[in-house]
Every structure is written in C-alpha cells, then in structure tokens.
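Shown next, in structure tokens, is the structure this report addresses.
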Amino acid sequence: MFEPRPQDPQAAGKDLPLSTPPRDSPPPTYAVNDSNDSNVPDITAAFSNLNLSASHTPTTDQCIAHLKLLECFHQLREDIASRDGLFGIRDDFAAEKGTDRERAELLAKIREKRWAIYVARAAKRFERWWEKCVEPGTQMLNQRDIQATLDPKANHGPSLAYGCDNLPPLDVIMVWHAYQLNPRDFFEDCIRYGKLKFWRTGLPWAAVNSCVENDTFDFMATKEAIQSFESQTGYPWNNIDQQDLIIKCPKCFKLHSVPWTGWNSASAWVKYSGNMEKLAGEANAAGFADKKFCFTAPCGVEMDHELLKIMKFRHDIEALRWKDIPMPGTILNLEGIPEKPRDIKHHYPLFPNRLIRGPDSNPSALYQSLDSATATHFGRNKTMSHIRAEIERALADKSYVKKANYNFISAIDRKEKIAVRRMMSRYWENSSPFALDLVGAVIRQGSFIEKMHSIDWIHSPAATSTMKRLLTKYSRYFAILAAYPTQVAVPTLDVDLAWHTHQLSPSTYYAYSVLQTQKFIDHDDKIEETKLSSAFEWTSKTYQKMFNELYSECTCWYCEAIRESHTSSLKRVFGAYDQIDDQLSRLHSASDPHSAPHISAHNAIRAETNDDRRTREGIMQMKLERDYKKAAQRARKKGREPPARDDYMYAYAWGYPMYMPYYAPYMGDPCVTGGMYASNPACANMTTGGIGNCCQGACGGGVAAGACAGNGAGGCAGGAAGGCGGSGGGCGGGGGGGGCGGGGGGCGGGG
201 MFEPRPQDPQ AAGKDLPLST PPRDSPPPTY AVNDSNDSNV PDITAAFSNL NLSASHTPTT
261 DQCIAHLKLL ECFHQLREDI ASRDGLFGIR DDFAAEKGTD RERAELLAKI REKRWAIYVA
321 RAAKRFERWW EKCVEPGTQM LNQRDIQATL DPKANHGPSL AYGCDNLPPL DVIMVWHAYQ
381 LNPRDFFEDC IRYGKLKFWR TGLPWAAVNS CVENDTFDFM ATKEAIQSFE SQTGYPWNNI
441 DQQDLIIKCP KCFKLHSVPW TGWNSASAWV KYSGNMEKLA GEANAAGFAD KKFCFTAPCG
501 VEMDHELLKI MKFRHDIEAL RWKDIPMPGT ILNLEGIPEK PRDIKHHYPL FPNRLIRGPD
561 SNPSALYQSL DSATATHFGR NKTMSHIRAE IERALADKSY VKKANYNFIS AIDRKEKIAV
621 RRMMSRYWEN SSPFALDLVG AVIRQGSFIE KMHSIDWIHS PAATSTMKRL LTKYSRYFAI
681 LAAYPTQVAV PTLDVDLAWH THQLSPSTYY AYSVLQTQKF IDHDDKIEET KLSSAFEWTS
741 KTYQKMFNEL YSECTCWYCE AIRESHTSSL KRVFGAYDQI DDQLSRLHSA SDPHSAPHIS
801 AHNAIRAETN DDRRTREGIM QMKLERDYKK AAQRARKKGR EPPARDDYMY AYAWGYPMYM
861 PYYAPYMGDP CVTGGMYASN PACANMTTGG IGNCCQGACG GGVAAGACAG NGAGGCAGGA
921 AGGCGGSGGG CGGGGGGGGC GGGGGGCGGG G
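Take any residue in the sequence shown, note its place counting from 1, add 200, and you have its number in my numbering.
Following this line, the structure appears as structure tokens:
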C-alpha cells in the first residue's frame with residue numbers, strides 16, 4: 201500500500217516513480233455492523249493484541265491505538281467540563297438567566313471555560329516537562345554551527361525510550377499529541393532547541409496504549425511515572441492539583457503568583473454593559489487563562505498577554521545577538537526541509553537574523569531600535585504592532601537591506617519575504633517558547649476528537665477492515681498531493697485519522713512525505729472556512745476523477761451537494777457515471793448521515809477581514825443551496841428521501857443544545873467561543889495592517905501571520921507584497937494566489 205521509507209529522503213528525487221494505488225482496485229467498503237451476529241469478536245480483547253512496533257507507514261493497529269487515545273481524551277474533556285465548581289466555576293452561575301435556550305447556552309460556556317482553563321494549565325505543564333524531562337541540558341542551535349548541524353536526513357539517528365514508567369500525565373500527552381499534528385512547527389522547534397532525539401521518538405504507541413484501559417479508556421499511570429514526573433518538574437501529577445501560576449517580572453525579575461481565571465464569580469457570567477453580546481468576564485476577567493489577563497507587580501509593571509509576547513521577542517533577539525541562536529521560523533526552507541546552506545551569508549531562511557543582528561559584531565540599527573522598544577515596554581503602551589513597524593522601516597531601507605546581505609543586493613527576494621513572515625508568525629497571539637500557541641492547537645483538535653467519538657469506530661467489530669480501508673484512501677490522498685503540488689487537498693475524517701496517525705511518528709512521516717512529494721507536507725490547522733469548503737469540493741472531484749471512486753462516503757446534505765457539484769460534469773466528460781451511481785446506491789441504503797466520515801474541518805477558522813465576510817459566506821451558501829436542490833431532485837427521481845437540511849441546526853456543545861441559524865460541516869467548530877480563551881483558537885485577523893498580519897514589504901495583508909501563516913512555506917503572490925499564497929504551507933487556496941492562499945500544507949496542500 202505504501203512505499204517503504206527511503207534510506208535517504210533527498211535521494212528519493214523526482215526520477216523515482218510515485219506509488220499510486222491502482223485505479224481499478226477500490227478500497228474495501230466500510231462494513232455495516234450486525235448487532236445480532238453471535239460471532240462478533242470481543243473488541244476489547246483485540247485491543248490487548250495490537251502490534252505497535254515501529255513502522256515506516258501507519259498501520260491498522262496504530263490507527264486503532266490512536267482511536268483509543270482519542271476516546272481517552274474525549275472522556276477527559278467530558279469529565280473536566282462537567283465538574284461543577286472546578287476552578288471556582290459553578291453551574292448555578294447560569295441559574296435563572298433568561299430563557300431555557302439562553303441558560304443552556306450559558307451552561308455550555310461554563311463547561312467550555314472549565315476546559316479552557318484546564319488546557320491552559322496543561323500547556324504550561326507541557327512546557328515544564330519539555331524543559332526538565334525532554335533531553336534536558338541540550339544546547340540550542342547556533343548559527344555558527346548551522347552548516348554542520350542542519351541535515352535534510354534529520355530522520356536518521358538515535359531516539360528516546362519511553363515506557364509506562366516515564367510517560368508524563370495524560371494532559372501533557374494531550375498537548376504533545378496536538379503539537380506533533382503541526383509537523384513543521386514541531387520539527388523546527390526540535391531542531392532549534394536541540395531535541396531531535398525527541399522528534400525522532402514520536403508518540404510511543406506501545407507505552408501509551410498499555411496505559412489506556414481497553415474497556416473504560418481510563419488512563420492508568422504507574423507509581424514510577426508519577427514519582428518521575430513530580431520529582432523532575434516539581435509539579436503535581438494531577439493537573440487540577442496545580443496551584444496558581446508563577447511568572448517572573450521582566451523588570452525586577454522577582455517571581456509572582458498569578459491566578460488562572462477571573463471567571464470564578466457569578467458577576468462574570470452576566471451580560472457586559474458595554475456590549476450586550478458579550479459576557480462581563482470577556483471584558484473584566486484578568487486571570488492568565490483569560491483574554492484580559494492583567495497583573496500589576498509591586499515594582500509597578502503591568503503584565504498582560506501583549507507584554508509577554510514582547511518579552512518573548514526580546515528574549516529571542518538577545519539570544520540572537522549574544523549567543524547567535526537563530527530566530528524562530530528561520531530554519532526550514534520553503535519545502536519544510538532543514539537545507540544545509542551553501543553560503544550562510546546568503547541563505548534565505550536566515551535573512552531575518554541578518555536583518556536584525558547585522559552582518560558584523562556591532563549591533564545593527566534595527567537591533568538597537570528593537571532593543572529600545574522592548575526594553576522600555578514597562579507600561580501598556582507597546583504591542584507587537586510596534587515591533588512590526590520597526591521591521592517595516594528596515595525593510596523599506598534599501599541601503600540597510602543591502603548591508604544585511606553583505607553588500608550583495610538591496611532588493612528583498614521573495615523567499616526572504618516569506619522568512620520574515622514566518623518569523624513574525626511565532627509571536628502573534630503566542631507568548632509561549634514554541635512556534636505556535638499550544639492551547640489553540642489542543643482546542644482545534646477537539647472537534648476532530650468529538651467526531652471520532654461520534655462515529656465510534658473504536659467499538660466496531662469491523663474496526664480492522666475500516667482501518668485498512670482508510671489507509672488505502674490515505675495513500676491515494678497523498679497521490680493527489682504529489683500530482684497537484686500547488687493545490688490544497690482537504691481530507692475526509694477517515695483520511696485525516698490515518699494522516700494524524702502518521703504525523704505522530706514524525707521521522708517516518710517526514711521520510712514518506714519527502715519521498716512522495718519532495719516536500720515535508722505540513723498540516724496547517726488554521727484555514728478560513730469558505731476556502732476549506734472550496735478546496736474540499738476540488739479534492740472530491742479530483743479523487744473521483746483519478747480513482748473512479750467516491751471521496752466522501754457520507755449522505756448528509758452538505759456532502760450530497762458537494763458530490764452534485766461535480767458528478768454530473770464528470771459524467772458528461774468521461775461517461776463513467778455508472779460505477780459512481782452504483783456506489784451512491786449502496787451508500788444511500790446503508791449510510792447514517794450522522795456517523796459517516798465527511799469533510800474533516802477541525803482546522804476551519806473564521807477570518808476577520810475588512811472585506812465583507814458575509815458576502816463571501818453568502819456566495820458559498822447560495823452555491824451549496826443550488827447544488828443541494830439538484831441533489832434533492834435526483835434523490836426524488838430515484839425514489840429516495842432528499843437529505844435533510846436541519847441535521848446541523850443544533851450543535852450539542854458540552855452536553856447542551858446550541859441553536860445555529862446556519863451551520864454546515866465545513867464551518868469552524870460552533871462549540872468554540874473566542875471570549876473564553878486568552879487567544880481565540882477559531883479566528884484569525886486577515887485585515888491589512890491588523891494585529892497578526894505580516895510586515896509591509898514582506899507579505900501584505902493577505903494572511904494573518906499569527907494565524908494562517910504559521911508554518912508557511914507559502915509565498916507572497918508572484919513574489920510581490922501581495923497576499924500570501926505560494927506552494928507550501930500557507931493557508932489554503934491554490935498557490936501563489938492572494939488572500940489566505942498557500943498551495944500546500946493547509947489541510948492537505950502540496951508543500
């Protein structure tokens with residue numbers, strides 16, 4: 201099914217044939233469970249016999265173990281969210297508040313906030329574990345040694361050993377899991393922090409699986425694991441036993457205890473007088489896990505999330521100046537590969553370092569201005585936008601750019617612009633030492649985890665055959681990525697399970713990706729929702745064209761509309777509709793629209809732009825409505841009931857129904873309320889000049905660097921300062937285009 205991992209990914213060049221599944225051998229159909237079959241095997245017994253040894257490509261047993269872990273995560277979320285009084289947040293805060301529907305929505309938000317706090321604590325605990333337990337004492341990457349250090353064959357080398365006795369707590373594993381599902385970010389951080397053994401290790405399936413109970417899916421820790429974690433980190437094993445957060449003042453350097461939340465009073469859960477669409481807590485709650493975090497130190501410094509981002513940037517430019525440690529986002533090339541530089545003076549990923557540090561030992565003018573801007577930020581008058589403005593001034597100065605390039609050239613190369621954009625993306629909405637906000641990464645995975653729970657493959661006696669089928673679809677999906685490197689290919693839920701499972705073995709995923717596509721395919725977990733739907737339509741059409749098979753095997757109204765948009769045209773062009781029609785007939789006779797694998801949209805976000813977003817959404821909805829009517833008409837001709845349109849009118853968030861006037865599967869998770877988080881995990885600012893956008897002269901307003909451009913190897917349109925598209929890891933779209941384009945690494949993508 202898969203090509204074996206090459207010994208040298210770079211040797212797997214374009215002259216090697218791509219292993220594409222035969223077009224005439226469709227994957228086996230998903231089996232329908234027969235609850236009356238007396239010979240149904242004991243699924244929990246099968247869990248005990250999983251073969252989880254290392255593999256070059258994902259296996260059926262690894263996918264099953266992954267489903268077990270996802271169910272464990274699901275139960276953790278349900279447990280934490282429903283604990284009345286946890287973190288001081290009580291269910292009775294919603295008592296006697298408006299209508300039944302309003303109370304239900306408020307109870308859903310109460311549960312969501314408990315989970316948001318828990319995840320914020322988990323991210324901090326992962327940070328501590330990363331520092332104290334994951335290859336402690338390793339040296340960070342140094343630019344002086346970069347030619348000897350960077351190696352495209354980074355997947356070869358030693359790894360770490362994990363067993364039941366040295367695994368971290370489940371909440372830390374959950375963050376680790378979400379981190380690895382942003383493969384380029386995780387890879388570059390491991391290179392930069394000198395933790396490549398950890399990167400090669402991946403999620404230790406055998407150890408994790410043995411700790412997850414087969415029948416209850418509870419996570420069972422050993423005494424040795426608890427003792428190891430607590431002694432090395434100084435943190436309690438149980439997340440909820442963690443006390444207030446300890447942070448260091450950037451001025452007096454004293455340690456201070458700050459609360460996690462200010463939502464622990466009834467007054468936070470009433471309508472905010474300044475904006476009746478908001479709750480008071482969104483404007484006033486000042487804990488670390490809250491949007492409006494604020495703490496005044498005895499020395500007078502007011503600490504908030506913006507200050508922490510500024511201090512992160514200051515720390516990094518000081519490390520660059522004094523230790524020659526490259527800035528975040530300046531290591532991988534456009535293909536996501538740690539390319540060995542031919543000439544470090546002109547290596548384009550390192551351009552931001554040359555720009556900030558200068559070509560010699562003397563501090564550059566830009567470094568001095570950045571040092572001054574960040575050193576004087578002991579009030580609340582500076583933001584990352586001020587940092588961006590300083591960099592913009594330097595980019596606009598041709599003589600300064602020429603000096604940064606060792607007097608070689610004064611023009612900024614397209615690739616250098618992308619390097620600046622990627623560096624800046626590490627700071628927008630992210631004060632952690634990592635390339636992305638891990639709280640948001642965990643929250644965005646929640647939608648996928650919920651859908652895996654709902655489909656419930658883990659309890660199916662046909663689980664093994666289901667996994668075999670989705671692995672076949674995954675290999676075909678990669679064939680599409682290789683064949684169309686400038687397009688975004690969007691996975692269905694079944695394909696995404698296989699893809700996620702593969703990414704959790706980073707070194708083998710890296711080797712396979714480079715072999716098949718000559719790029720390290722990213723898994724961008726933020727794509728604007730209307731672009732996601734358009735890309736899904738293209739993927740469905742392309743899959744059907746290449747393999748003469750249906751892509752989405754779901755009969756909900758959305759998937760029916762998507763199929764209708766291209767099936768009739770394929771019939772006219774290729775005259776090959778009979779086989780598709782047969783598959784549709786079987787699908788309609790067996791499929792439950794609530795449990796079939798359709799579009800995987802856990803990475804869908806809502807973009808905030810100056811453009812009329814409602815107009816764009818309206819166009820998408822009108823197109824879907826037109827195609828739905830065609831699908832309904834076809835169903836009636838076949839004697840079937842048309843797909844129901846009210847399937848998604850209620851989103852059951854956190855156990856309570858939330859009414860949605862319009863919701864489709866391509867949209868962002870309706871159960872994520874931006875005001876509950878320090879940084880909204882389901883939204884991005886794409887307004888030109890807005891918070892989170894790129895530096896002028898590097899990218900323009902086409903993409904929010906802190907949201908969509910995170911991993912981007914996607915380029916600026918045509919090399920100009922237009923929207924960010926490109927062919928490798930922007931944020932959707934079709935390569936080199938405007939807006940949140942990016943031909944690869946979206947939820948799919950070519951690079």
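For each residue, glycine too, the CB sits at the ideal point set by N, CA and C.
| Query | Result |
| --- | --- |
| At the level of alpha carbons, what is the spacing between Ala295 and Glu430? | 39 Å |
| What residues in its chain sit with their C-beta under 8 Å from that of Lys540, if we drop five residues either side in the sequence? | Gln347, Leu350, Asp351, Pro352 |
| Determine which residues share a DSSP beta bridge with Ser625 and list them. | Paired residues: none, contrary to the question. |
| Sort Gly394, Trp460, Phe273 by Cα distance to Leu286 and report the nearest one. | Trp460 |
| For Phe513 and Ala619, what's the separation of their Cα atoms in angstroms? | 16 Å |
| What is the DSSP secondary structure of Ile409, reduced to helix, strand or coil? | This sequence places Asn at residue 409; Ile is not what is there. Residue state, collapsed to three classes: helix. |
| Where are the alpha helix (DSSP H) runs, 4 residues long or more, that stay fully inside the region 250 to 318, in chain order? | 260 to 281 |
| Suppose contacts are defined by Cβ-Cβ distances below 8 Å. Is Ala663 in contact with Ala320 by that definition? | no |
| Look at Met527 and Asn562 and say whether their C-beta atoms are less than 8 Å apart. | no |
| How far does the beta strand (DSSP E) with Leu360 in it extend, from its first residue to its last? | Run containing Leu360: none; DSSP gives neither H nor E here. |
| Leaving out five residues on either side along the sequence, give the residues of the same chain with a beta carbon under 6 Å from the beta carbon of Thr281. | Correcting the residue type first, residue 281 is Ala in the shown sequence and not Thr. Result list for Ala281: Arg311, Arg314, Trp315, Trp854, in chain order. |
| Measure the alpha-carbon distance for Val334 versus Trp399 and round it to whole angstroms. | 10 Å |
| Considering only residues of the same chain and omitting the five flanking positions on each side of Phe293, which have a CB-CB separation below 7 Å? | Ile310, Ala466, Trp469 |
| Tell me whether Tyr674 sits in a helix, a strand or coil according to DSSP, three-state version. | helix |
| Would Asp284 and Leu307 qualify as a contact pair, given that the criterion is a beta-carbon distance under 8 Å? | no |
| Taking only runs that begin and end inside the region 449 to 532, name each unbroken alpha helix (DSSP H) of 4 or more residues, in chain order. | 480 to 484, 505 to 523 |
| Just confirm the distance between the C-beta atoms of Asp389 and Phe634, as a whole number of angstroms; I'd bet it's less than 8 Å. | 6 Å |
| Return yes when the Cβ of Leu445 is within less than 8 Å of the Cβ of Lys332, no when it is not. | no |
| Please classify Asn630 as buried or exposed, where buried requires at least 16 neighbouring CB atoms within 10 angstroms. | buried |
| Of all the options Ile721, Thr742, Tyr710, Ser733, which has the alpha carbon lying nearest to the alpha carbon of Ser255? | Tyr710 |
| Give the DSSP-derived three-state secondary structure of Gly720 in the structure shown. | Rather than Gly, the amino acid found at residue 720 in this sequence is Phe. If DSSP states are grouped into helix, strand and coil, Phe720 belongs with coil. |
| Give the DSSP-derived three-state secondary structure of Glu728 in the structure shown. | strand |
| Do you know how far the Cα of Thr873 is from the Cα of Lys491? | 12 Å |
| Note the first and the last residue of the continuous alpha helix (DSSP H) segment covering Val872. | That residue, Val872, is in no alpha helix (DSSP H); it is neither H nor E in DSSP. |
| Quick check on Lys603: buried or exposed, where buried means 16 or more other Cβ atoms within 10 Å of its Cβ? | buried |
| How big is the Cα-Cα spacing for Lys582 and Arg588? | 11 Å |
| Grouping DSSP H, G and I as helix and E and B as strand, with all else coil, what is Phe419? | strand |
| In this structure, does DSSP put Thr583 in helix, strand or coil? | coil |
| Where does Leu566 fall in DSSP's three states? | helix |
| Where does Thr692 sit, in a helix, a strand or coil, going by DSSP? | strand |
| Closer than 8 Å is the cut-off here; do at least three beta carbon pairs connect the region 688 to 701 with the region 731 to 748? | yes |
| In angstroms, rounded to a whole number, what distance separates the CA positions of Glu178 and Met652? | The chain is shown only over 201 to 951; residue 178 falls outside these bounds and no answer can be derived. |
| Within the continuous alpha helix (DSSP H) that includes Asp190, where are the two ends? | Only positions 201 to 951 of the chain appear in the structure, and residue 190 is not among them; the question remains open. |
| Going by the CB atoms, is the gap between His456 and Ala497 shorter than 8 Å? | yes |
| Got a sec? Which residues, its chain only, sit under 8 Å from Ala575 by beta carbon, not counting five neighbours each side? | Arg514 |
| List in chain order: all unbroken alpha helix (DSSP H) runs of 4+ residues lying wholly within the region 589 to 667. | 598 to 604, 614 to 625, 638 to 655 |
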